[in-house]
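Per mature numbering (1 follows the signal peptide of the UniProt record, and there is no 0), the sequence shown runs over residues -19 to -1, 1 to 408. Glycine included, each C-beta is placed from N, C-alpha and C at the ideal position. Every value quoted in this text rests on a predicted model; they were computed, and no experiment measured them. Structure first, commentary second.
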Amino acid sequence: MKASIAATVFVVLAEGAVTGTWDSSTTREQQASKSGGGKEFSLHQIKNRRFTGRDGVMAFARAHLKYTQKLPDSLLKAINVNSQLRSKFAALNLGGVRGGTVQTQPTYGSDSEYAVEVGLGTPPQPIPLNMDTGSADFWTFSSDTDPQMVNDQALYHPEHSSTSKLIDGDSWSIRYGDGAGASGIVYDDAVQVGNMHVPHQAIESATYVSGDLAHDNFVSGIIGLANSSANTISPEPRRTFFDNIRDELARPLFTANLRSQAPGNYNFGFIDREEYTGVIHYTPIDRDSPLWKIAVSGYWVGYSKYQSTIDAIVDTGTSLTLLPQSVVDDFYAQVRGSYFHPELGAMVLPCSARVPDFWVTIGPYNGRLPGRYVKYARINSRYCYGGIQSSSNLPFSVLGDVFLKAQFVVFDYGNAAVGFANKKLHS
């Protein structure tokens, strides 16, 4: 199903409150003519020096709790038969799993491999955050966060900022199932990202953070880059960071050039020709969704071609790529030794296996996901957790980082479209 791209505009309500959907009133050619003026900047990821390795099960769980607020059936069954998994989820209070005999807290580590550093307040306080095209909240750990929930994260201190102002009556809440999530209060404060200064950004200061989110002590929060209508601030949603800066950019777009085993970068206001090969192919987004949702028209597994219409969101904030069960079956049927692991609730494959490339078809474009990228994380000396898993419990499929790290992606607000191009891979 192809989405209409008839023009709509945001309606600004009061002091940053917004409603509406995507604006496609400017053609790509008109935007190109604007590129001589306006601001452009790049935001480079920083590497987590304490990174302890990927956890496929947790990545799978977080993706589902992010969009459905419940764990998938396959994972719930795995928790019932896997005592170690049950203890982990109970200790994190994740997804409503309870373990009456579990007394210990989890061993905290640093789950996120990369982040971007953003300056909050005046003078700017450097805070590492994740760029997330799958959400619309700008939230962070802060001096308002319950100290028992803080696990060595960098904290935003509004009391140390000369420009911070508490917005009376505003609150926010992100819930990922029973007990998992974050909530708090809202400040109006300055934000510095690259050479872009935003004097008035709604910064969501966490007073409560669940154990699952506190587990990651490298990243302090999220910059949501979806449509402002998905923002959770009440009584009225407020503008995202991108919506606050897009009119000042040379072009109302940003690009994601994520990398495997290396820091990537985000560019705002311009497209760097050196970061991709060939031609960028654009596809319209679904304007009825606040997310960057597109229609995938098919896929290839190695040299086998399949036609299938798949609604998918393009989400830099989800690690795995989640696709319909039939697609997952088609893919792993060509990976010798792969199987569904009942104690993990997911597909696994031999780490030594030869894995075919997977290609996502979007109109005339075929975007390559190298087979080696599907070996997401080691489970033991023989098997790896699959980077492609089922989206059967989700309302849509998710093109997450496993796929996006092999692509150059343009999030084109002005044309209500997402652009894809292949690129040179360094790993």
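Would you say the region 136 to 153 touches the region 172 to 186, given that touching needs at least three Cβ pairs under 8 Å?
-> yes
Give a yes or no on contact between the region 198 to 216 and the region 353 to 373, applying the rule of three or more CB pairs nearer than 8 Å.
-> In short, these stretches do not touch, since the Cβ pair count stays below three.
Residues near Tyr89 in its chain [Cβ-Cβ closer than 7 Å; skip 5 each side] | Note that Tyr89 scores a pLDDT of 35, beneath 50, so its modelled location is shaky and nothing firm can be said.
Chain-order list of residues whose beta-carbon lies under 7 Å from that of Leu194 (same chain, five-residue window excluded) = Ala163
Can Leu375 and His45 be called in contact, C-beta distance under 8 Å?
-> yes
Considering only residues of the same chain and omitting the five flanking positions on each side of Pro244, which have a CB-CB separation below 7 Å?
-> Here the set comprises His25, Gln26, Ile27, Lys28 and Tyr95.
Going by CA-CA distance only, name the one from Val62, Ile166 and Ala293 that's closest to Arg219.
-> Ile166
Every unbroken alpha helix (DSSP H) within the region 343 to 404, with a cutoff of 4 residues, ordered by chain | Restricted to the region 343 to 404, the alpha helix (DSSP H) segments that are unbroken, complete and at least 4 residues in length are 382 to 385, listed in chain order.
What residues match up with Gln50 in a beta bridge as DSSP calls it?
-> DSSP lists no partner for Gln50.
8 Å contact criterion, which Gly348 and Phe22 should meet: CB distance rounded = Not quite, the Cβ-Cβ distance comes to about 26 Å (not below 8 Å), so this is no contact.
Secondary structure of Asn61, DSSP reduced to three states = Secondary structure at Asn61: helix, using DSSP grouped into helix, strand and coil.
Just how far apart, CA to CA, sit Val190 and Ser68?
-> Using only the alpha carbons, I get a separation of about 20 Å.
Beta-carbon proximity of His262 to Phe401, cut-off 8 Å | yes
Enumerate in chain order the residues of its own chain whose CB-to-CB distance from Gln11 is below 6 Å, with the five nearest sequence positions on each side excluded.
-> Below a pLDDT of 50, predicted positions are generally treated as unreliable, and Gln11, at 39, falls in that range; the measurement from the model is reported next regardless. So the list is empty, once near-sequence residues are dropped.
Rounded straight-line distance, which links the Cα of Ile148 to that of Ala187 = 14 Å
According to DSSP, is residue 471 helix, strand or coil?
-> Not covered by the structure: residue 471. The range shown for the chain is -19 to 408.
Could you spell out the range, first to last residue, of the beta strand (DSSP E) harbouring Leu24?
-> Phe22 to His25
For the region 389 to 408 against the region 325 to 340, are there 3 or more C-beta pairs whose distance is under 8 Å?
-> no
Measure the C-alpha to C-alpha separation of Val399 and Ala207 and round it to an integer number of angstroms.
-> 12 Å
Counting Cβ pairs closer than 8 Å, one from the region 278 to 298 and one from the region 120 to 139, do we hit at least three?
-> no
How many angstroms separate the CA atom of Tyr354 from the CA atom of Cys332?
-> About 11 Å.
First and last residue of the uninterrupted alpha helix (DSSP H) at Asp313 | The sequence as given places Tyr at residue 313; Asp does not occur at that position. Taken as a continuous stretch (DSSP letters only), the alpha helix (DSSP H) holding Tyr313 covers Gln306 to Tyr313.
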